[in-house]
Amino acid sequence: MLAEHSLSNLKGVGPKQLEKLHKLGLFVVQDLLFHLPLRYQDKTKITAIENALIGSEVLLEGEIFTQALTRGRRNSLLVKIQSPQGAFLTLRFFHFHYRQAQQFTRGKSLRVFGEVRSGPNGLEMVHPTYQFINPEEAPELETTLTPTYPTTEGLGQLSLLKLIQQAIVLLKQNPLEELLPQKLLQQLQLPDLNSALLTLHEPQPDDDLIKIKQFNHPAQQRLIVEELICQQAGLQLLRQTEQKRYAPALPPSQAANALLASLPFALTHAQQSVLQEIQQDLALPHPMQRLVQGDVGSGKTVIAALAAIQSAEAGYQVAVMAPTEILAEQHLNAFLEWLEPLDIPVAWLNGRMKAAEKRYQLAQIESGEAKVVIGTHALFQDAVTFHQLGLVVIDEQHRFGVHQRLALHEKGQNQDHHPHQLVMTATPIPRTLAMTAYGDLDISIIDELPPGRKPIETAVLSNEKRSEVMEHLYVKCKQGIQAYWVCPLIEESELLHAQAAEVTATQFTDNWPDLRVGLVHGRLKGEQKALVMEAFKNHEIDLLVATTVIEVGVNVPNSSLMIIENAERLGLAQLHQLRGRVGRGDLQSHCVLLYQPPLSETGKARLNIMRDTTDGFRIAEEDLKIRGPGEILGTKQTGGLQFRIADLKRDSQWIPTAQEWAQQLVAENPQLVTALQARWVGNKVDYQHA
Ligand code: ADP
Ligand code: MG
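Taken in order, the sequence shown gives residues 40 to 729; the numbers are from the working numbering.
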């Protein structure tokens with residue numbers, strides 16, 4: 040069986056090579072077969088130099104015209120070749136031997152393969168592969184595509200290829216077991232496993248080479264579908280395990296109704312239905328695992344508070360975890376306002392508490408005196424012992440990793456009981472991506488904003504307009520509105536961020552001494568930050584100049600103007616989050632995105648999306664198209680989303696199909712799922728349990 044066949048049995052595999060192969064995640068012969076080409080080189084035809092497109096990888100031929108050594112920052116060898124029609128292309132080598140340079144004499148013919156670029160003197164290729172040819176008797180062309188495999192330092196393409204070829208010989212003798220149901224293959228018109236693998240490692244001349252190059256071939260689709268089914272099935276199993284666990288059943292709460300009755304607003308329909316789903320989940324004796332997605336300002340906090348009350352009234356503690364101190368502070372204020380009248384004691388933890396205060400809070404938590412506990416990730420540190428945790432609320436989930444979510448979940452385990460989990464996020468995630476990243480959670484969506492909110496109007500302006508924008512902001516603030524000015528930088532340095540914000544704040548106070556300007560950035564102590572935020576909330580400050588630390592969740596309804604500098608450097612999701620700080624009250628809000636010209640075409644397209652829509656889901660879909668899932672979810676989230684062949688950006692259309700079939704397999708044929716996991720996940724760590 041190839042699944043047990045060790046790589047060291049192959050020819051040419053010594054301890055050193057073995058180490059490199061392990062680095063690539065390859066342990067057994069079967070792994071080599073699933074190590075698929077990253078791309079393909081097309082050496083089946085000669086492209087004439089005059090037809091070579093910049094950026095394309097082509098095979099071409101020409102006669103050497105000149106050869107020169109240039110000295111500069113880097114010495115280079117330049118070989119200019121000419122086509123029979125008289126077009127030129129320069130080959131550029133940075134690494135070469137003197138003897139090699141001597142071989143390139145005028146009049147000899149070359150066949151070269153590489154990427155065509157535009158150089159200082161027209162078309163060029165940097166370090167192409169080449170061979171000298173006799174144009175009268177040119178060697179035959181390849182008849183099919185040449186695979187290029189992902190590899191690692193110290194393991195050459197050729198050595199890897201030789202190993203894969205040995206694996207293919209073995210595959211032909213011992214075909215792998217087909218794990219996908221025939222019904223599925225027929226329905227989707229996909230080839231069987233063995234022929235798919237052969238097609239991809241050794242494409243034949245009569246295969247659809249264009250589709251293979253585009254990763255659009257049924258052989259590729261077959262493997263993509265199998266891998267996605269495996270991943271979806273894994274999530275469903277995880278979920279089943281969780282559903283078999285026990286959680287305290289928390290009956291509907293009178294106190295929650297009391298809060299609802301006392302609120303100055305009625306819940307939106309979307310809030311009501313999400314609340315209902317949560318209330319029903321909580322009443323069951325198994326842990327709720329629910330993700331609430333709701334755009335910024337859609338009112339998730341009050342939903343979390345109502346869930347917390349249901350747990351507290353039943354005698355079980357609630358942990359509410361926020362990603363930043365500013366946000367934890369804001370939650371604390373909201374919860375105190377809502378829960379104190381109901382006599383539900385609230386405790387909190389933060390990084391800057393005095394030791395005595397912290398001891399007191401910890402004691403309240405451990406004794407069970409405190410029913411609701413609010414804080415940052417400090418909540419799952421060792422010093423914290425919960426009394427009887429019934430519910431964990433995690434706000435702005437995208438800021439935490441899967442590990443942190445699970446760590447808090449485990450911490451709350453009490454004998455055989457697990458707490459319910461409510462996870463909230465304002466980062467709208469396209470549906471297909473959510474199915475993959477959060478497939479172990481039920482998803483509720485608050486797709487409605489409270490009434491009376493006016494969509495934010497957004498303008499995209501060049502930085503040349505900066506002083507006019509500042510002037511306008513001043514006038515508006517004098518009329519009584521409040522504003523944010525966000526200064527992001529690309530440098531990942533808190534210091535530089537802070538300086539940029541300080542410079543801007545000073546520009547304002549120098550120009551308009553009567554403008555009340557506050558400043559927050561990552562280098563301020565939590566206490567100082569909280570003081571500035573408090574002053575801004577109380578309208579003792581007109582303008583808040585900030586770095587992106589204010590990104591998440593901050594809520595000051597009177598602020599209705601947001602300026603974001605260097606907007607072209609931020610992701611769409613982040614811009615959407617930042618912009619969501621305004622548009623929270625009854626005022627018409629405005630957002631100005633300042634960019635540093637010149638703006639690239641995609642840069643322009645991205646900012647135009649921001650100008651044209653405030654719909655977070657549309658923005659997320661566009662963001663996925665432009666940037667791919669890794670950046671939308673953040674690296675923490677995608678730690679477990681590493682695929683061998685599937686690519687969430689390219690292949691998301693297959694996810695719903697994969698989910699459907701995964702459900703069927705989990706229900707009808709769980710041992711098949713185990714086999715799939717052994718094949719695809721194998722020796723890789725299961726992130727869900729890491
Ligand atoms: P987010 O979903 O971004 O966390 P918040 O929970 O901070 O949003 O809510 C934003 C503001 O809207 C808060 O001031 C909140 O009290 C208010 N709010 C929540 N629900 C409603 C509603 N149904 N009607 C009016 N205002 C609401
Ligand atoms: Mg919020």
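Every residue gets a Cβ at the ideal spot worked out from N, C-alpha and C, and that includes glycine.
*T280, DSSP secondary structure in three states*: helix
*Would you tell me roughly how many angstroms separate the C-alpha atoms of T2 and N577, rounded to the nearest one?*
Because the chain in this structure spans residues 40 to 729, residue 2 falls outside the shown range and cannot be described.
*Could you name the residues of the same chain whose beta carbon sits closer than 6 Å to that of K723, not counting the 5 residues immediately before and after it, in chain order?*
Low confidence applies to K723: its pLDDT is 48, below 50, so where it sits in the model is not reliable, and the reading given next is rough at best. Closer than 6 Å at Cβ, skipping near neighbours: no residue.
*Three or more C-beta pairs below 8 Å linking the segment 179-196 and the segment 76-94*: yes
*For M360, the first and last residue of its enclosing beta strand (DSSP E)*: Q356 to M360
*Identify whether R801 lies in helix, strand or coil by the three-state DSSP scheme.*
Residue 801 is absent from the model: the chain starts at 40 and stops at 729.
_Helix, strand or coil for K119? Go by DSSP, reduced to three states._
strand
*Do the segment 476-493 and the segment 327-336 make contact, defined as three or more Cβ pairs closer than 8 Å?*
yes
_Three-state secondary structure assigned by DSSP to C630_ = strand
_Run of the beta strand (DSSP E) containing D481, from where it starts to where it stops_ = D481 to I485
*Could you pull the start and end residues of the alpha helix (DSSP H) that I203 belongs to?*
Q196 to Q212
*Coarse secondary structure for G557, derived from DSSP in three states*: strand
_What does the Cβ neighbour count give for H370, buried or exposed, with the cut at 16 atoms within 10 Å?_
Sixteen is the threshold: when 16 or more other Cβ atoms of the shown chains lie within 10 Å of the Cβ of H370, as they do, the residue is buried.
*Taking just the CA atoms, how far does N213 sit from Q205?*
12 Å
_Alpha-carbon to alpha-carbon, A87 and G125_ = 10 Å
_R683 Cβ short of 8 Å to the ligand ADP heavy atom set_ = No, since every heavy atom of the ligand ADP falls outside the 8 Å radius drawn around the Cβ of R683.
*Can you find a heavy atom of the ligand ADP that lies under 8 Å from the Cβ of D334?*
Yes, the beta carbon of D334 sits closer than 8 Å to at least one heavy atom of the ligand ADP.
_Please classify Q613 as buried or exposed, where buried requires at least 16 neighbouring CB atoms within 10 angstroms._
buried
_Own chain residues within Cβ distance below 8 Å of L428, not counting five before or after_ = Y355, Q356, V357, A358, K450, G451, N453 and P458
*When DSSP labels each residue in this structure, what does W700 get in the three-state scheme?*
helix
_Cβ distance (whole Å) where L600 is taken to contact L512 below 8 Å_ = 6 Å
_Three-state class that DSSP yields for G273 in the structure shown_ = helix
*Under the criterion of a Cβ to heavy atom distance below 8 Å, does E372 qualify as lining the ligand MG?*
According to the sequence provided, residue 372 is Asn. The question's Glu does not apply to it. Outside the cutoff, so no.
*CB H360 to CB G414, shorter than 9 Å?*
Residue identity check: residue 360 is Met in the sequence provided, not His. Result yes, Cβ atoms of M360 and G414 sit closer than 9 Å.
*Spatially closest choice to L375 from A476, M392, I348 and G390, by CA coordinates*: I348
*Same chain only: Cβ atoms within 7 Å of N233, ignoring 5 sequence neighbours per side*: L210, P214 and L215
_Quick check: what's the CA-CA separation for T677 versus A476?_
With a pLDDT of only 43 at T677, under the threshold of 50, the placement of this residue in the model should not be trusted, and no figure is reported.
*Option nearest S301 by Cα separation, candidates D320, L345 and P287*: L345
_Sequence ranges, alpha helix (DSSP H) only - wholly within the segment 273-335, length at least 4_ = 293-301 and 308-321
*Do E435 and the ligand MG come close, with the Cβ less than 8 Å from some heavy atom?*
yes
*Consider the C-beta atom of M463 and the heavy atoms of the ligand MG; say whether any pair is separated by less than 8 Å.*
yes
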